[in-house]
Amino acid sequence: MISDMKAEDIMGEYKETTLNLYHSISRKVLYTEIETPYPDGKLIVSTTTPEGVITHVNQSFIEMSGYTEEELIGAPHSILRHPDMPPAAFKDLWDTVKRGEKWQGFVKNLRKDGGYYWVKATVIPNVRHGRVVGYTSVRRKPSRTKVEECIKLYPTLF
Amino acid sequence: MTFMFTVSPDFTPDHLSGWYIFNTWLQKQTGEGIHLEMYNDFQNQRQAIEDDKVDLIYANPFDAAMLVREKGFQPLVKAEGVADEAIIAVNADNAVEDVAHLSPGVKVAYTEDPDVQMMGMIMLEPGDLDGNNIKPQLCDSYVLVAKHLLRGDADVGIFLAEAYDDLSSVIKKQLRVLVRSQISVIHHALMIGPKLQHRRADIEAALLAMGQDEKTRGVLNSLGFSAWNKVDDEEMEFMIDLMDTLVI
Ligand SMILES: Cc1cc2nc3c(=O)[nH]c(=O)nc-3n(C[C@H](O)[C@H](O)[C@H](O)COP(=O)(O)O)c2cc1C
Numbered sequence: 001m002i003s004d005m006k007a008e009d010i011m012g013e014y015k016e017t018t019l020n021l022y023h024s025i026s027r028k029v030l031y032t033e034i035e036t037p038y039p040d041g042k043l044i045v046s047t048t049t050p051e052g053v054i055t056h057v058n059q060s061f062i063e064m065s066g067y068t069e070e071e072l073i074g075a076p077h078s079i080l081r082h083p084d085m086p087p088a089a090f091k092d093l094w095d096t097v098k099r100g101e102k103w104q105g106f107v108k109n110l111r112k113d114g115g116y117y118w119v120k121a122t123v124i125p126n127v128r129h130g131r132v133v134g135y136t137s138v139r140r141k142p143s144r145t146k147v148e149e150c151i152k153l154y155p156t157l158f
Numbered sequence: 001m002t003f004m005f006t007v008s009p010d011f012t013p014d015h016l017s018g019w020y021i022f023n024t025w026l027q028k029q030t031g032e033g034i035h036l037e038m039y040n041d042f043q044n045q046r047q048a049i050e051d052d053k054v055d056l057i058y059a060n061p062f063d064a065a066m067l068v069r070e071k072g073f074q075p076l077v078k079a080e081g082v083a084d085e086a087i088i089a090v091n092a093d094n095a096v097e098d099v100a101h102l103s104p105g106v107k108v109a110y111t112e113d114p115d116v117q118m119m120g121m122i123m124l125e126p127g128d129l130d131g132n133n134i135k136p137q138l139c140d141s142y143v144l145v146a147k148h149l150l151r152g153d154a155d156v157g158i159f160l161a162e163a164y165d166d167l168s169s170v171i172k173k174q175l176r177v178l179v180r181s182q183i184s185v186i187h188h189a190l191m192i193g194p195k196l197q198h199r200r201a202d203i204e205a206a207l208l209a210m211g212q213d214e215k216t217r218g219v220l221n222s223l224g225f226s227a228w229n230k231v232d233d234e235e236m237e238f239m240i241d242l243m244d245t246l247v248i
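Taken in order, these protein sequences are the chains called V and P. Residue numbering for the first sequence follows UniProt numbering, beginning at 1 and increasing consecutively. Residue numbering for the second sequence follows UniProt numbering, beginning at 1 and increasing consecutively.
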């Protein structure tokens with residue numbers, strides 16, 4: 001459920017790279033330097049299976065990612081993976097939630113049109129009758145100061 | 001046996017008599033003795049919940065997690081078309097255009113309403129503000145939050161959106177909204193405690209039917225809405241998870 005990005009979807013000048021997702025699937029991604037600002041007052045919400053496959057997205061998620069709901073449901077969450085995000089961040093995310101704990105971090109996400117947006121994300125396990133049935137992530141508007149710190153820090157983590 | 005019903009203290013004062021009318025309807029409908037106890041503050045209500053005195057509650061989203069996970073409450077219904085949203089407002093004369101322009105040390109007025117406080121603080125985060133670098137001004141009501149802004153005693157006010165919209169136009173003209181939340185999935189819910197749970201299905205059915213009947217719709221109108229909508233266990237769990245992601 002995840003395919004290479006297509007040049008006709010991209011807005012503006014882009015670079016091209018290949019990501020190794022799920023440690024096995026490779027995906028060609030096309031990305032630009034165009035930032036979409038996080039909308040004031042909104043939350044971006046998604047829910048996944050225990051494996052990270054998207055099962056629910058809200059309207060803000062759809063608008064900010066640029067994909068349709070049909071394209072998102074059933075896709076692995078790495079459909080938003082931006083090449084500037086260090087793999088260590090997602091390893092920490094998964095290690096944390098698999099321990100049953102809450103993870104929080106700043107994430108640069110890739111849009112379908114090649115652009116990006118920064119979020120402050122929190123991921124928690126959904127526990128039902130004592131079992132983890134999935135994960136929910138809620139993103140909010142990050143402070144610019146924190147984003148600037150990440151822009152400096154993340155390239156050093158590769 | 002008499003059961004106890006209570007309403008989250010963040011209810012609008014205009015609806016006080018509405019809750020008594022609703023409780024009378026509820027007693028007649030269920031044939032149970034139900035006593036409505038209105039608490040003026042969150043602390044006393046929390047204590048009553050802690051002491052297992054409460055059997056039915058119109059709960060704010062912040063308390064819902066504790067009610068479900070620690071006290072075995074189950075959701076019944078929510079008010080149709082009513083979501084909890086928050087507003088960040090300033091005095092109209094304030095030059096600030098964006099939360100990002102606010103600085104540490106700003107005086108922030110808010111009420112004890114826990115979910116509104118939480119949503120408000122989240123909306124202040126993009127300005128690098130948090131509980132440690134603001135000067136809090138706790139107010140007893142949203143009208144007092146507005147007064148603090150008008151008098152210049154506070155720089156920023158956090159409002160329940162509904163309460164802000166209900167302010168008089170004279171007051172609103174002197175204020176300016178910086179951010180209005182559009183979360184739409186955080187809401188109050190009527191919840192039922194362990195001692196009444198054997199009646200959950202029939203009470204819920206009666207509540208859902210209220211919006212259909214003209215007479216009972218009048219009871220709901222006095223509470224400020226026109227129908228109850230069902231809240232199932234999974235919807236409540238989803239909201240609790242969502243609240244969990246927001247508390248830090
Ligand atoms: C609930 C949840 C939300 C996630 N949100 C994102 C996201 O917004 N952006 C992202 O790149 N990865 C997100 N991830 C992590 C991805 O599942 C994935 O680990 C990451 O994109 C790295 O890709 P890979 O694991 O396929 O190598 C999320 C994971 C979970 C469980």
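Cβ atoms here follow ideal geometry from the backbone N, Cα and C, with glycine treated the same way. Please read all numbers here as calculations on a predicted model, not as lab measurements.
In the DSSP assignment, ILE158 (chain P) forms a beta bridge with P:ILE88.
The Cβ atoms of LEU246 (chain P) and PHE3 (chain P) do not sit closer than 7 Å to each other. Taking the CA atoms as reference points, GLN45 (chain P) sits about 11 Å from ASP10 (chain P).
Distances between the C-beta of ARG81 (chain V) and the heavy atoms of ligand 1 include at least one below 6 Å. Pairwise C-beta distances place the stretch 55-68 of chain P out of contact with the stretch 87-102 of chain P, as fewer than three of them are shorter than 8 Å.
The C-beta of ARG27 (chain V) comes no closer than 7 Å to any C-beta of chain P.
Using a Cβ-Cβ cut-off of 7 Å, ILE183 (chain P) counts as an interface residue toward chain V, since at least one Cβ of chain V sits closer than that to its own. At least one C-beta of chain P is nearer than 7 Å to the C-beta of ASP40 (chain V). Our two residues, GLN59 (chain V) and SER46 (chain V), have alpha carbons roughly 10 Å apart in a direct line. DSSP, read as helix, strand or coil, puts LEU144 (chain P) in helix. For ASN221 (chain P), the enclosing alpha helix (DSSP H) stretches over residues 214-221. Take VAL68 (chain P), set aside five residues on each side of it, and the residues of its chain with a beta-carbon closer than 7 Å to its own are MET236 and ILE240, in chain order.
Distance from the Cα of THR36 (chain V) is smallest, within the candidate group V:SER143, V:ASN126 and V:TYR116, for V:TYR116. With a contact defined as Cβ atoms closer than 8 Å, VAL119 (chain V) and VAL107 (chain V) qualify at about 5 Å. ILE2 (chain V) sits away from LEU30 (chain V), with the two beta carbons spaced by 7 Å or more.
Approximately 5 Å separates the beta-carbon atoms of VAL145 (chain P) and ALA109 (chain P); this is inside 8 Å, confirming the contact.
No heavy atom of ligand 1 is found nearer than 6 Å to the CB of ASN126 (chain V). Counting only the Cα atoms, HIS15 (chain P) lies some 21 Å from ILE158 (chain P). Proximity of the beta carbon of LEU242 (chain P) to ligand 1 is not indicated: no heavy atom of the ligand is located closer than 6 Å. VAL54 (chain P) counts as buried, since no fewer than 16 other beta carbons sit within 10 angstroms of its beta carbon. Ranked by Cα distance from ALA89 (chain P), the options P:ASP165, P:LEU242, P:LYS135 and P:GLU37 are led by P:ASP165. Within 10 angstroms of the beta-carbon of GLU204 (chain P) lie 16 or more other beta-carbons, which makes it buried. Taking a contact to require three or more Cβ pairs closer than 8 Å, the stretch 217-230 of chain P and the stretch 69-86 of chain P qualify as touching. Taking 6 Å as the cut-off, one finds at least one heavy atom of ligand 1 near enough to the beta carbon of HIS77 (chain V).
Within chain P, the residues whose beta carbon sits less than 8 Å from that of ILE124 (chain V) are ASP241, ASP244 and THR245, listed in sequence order.
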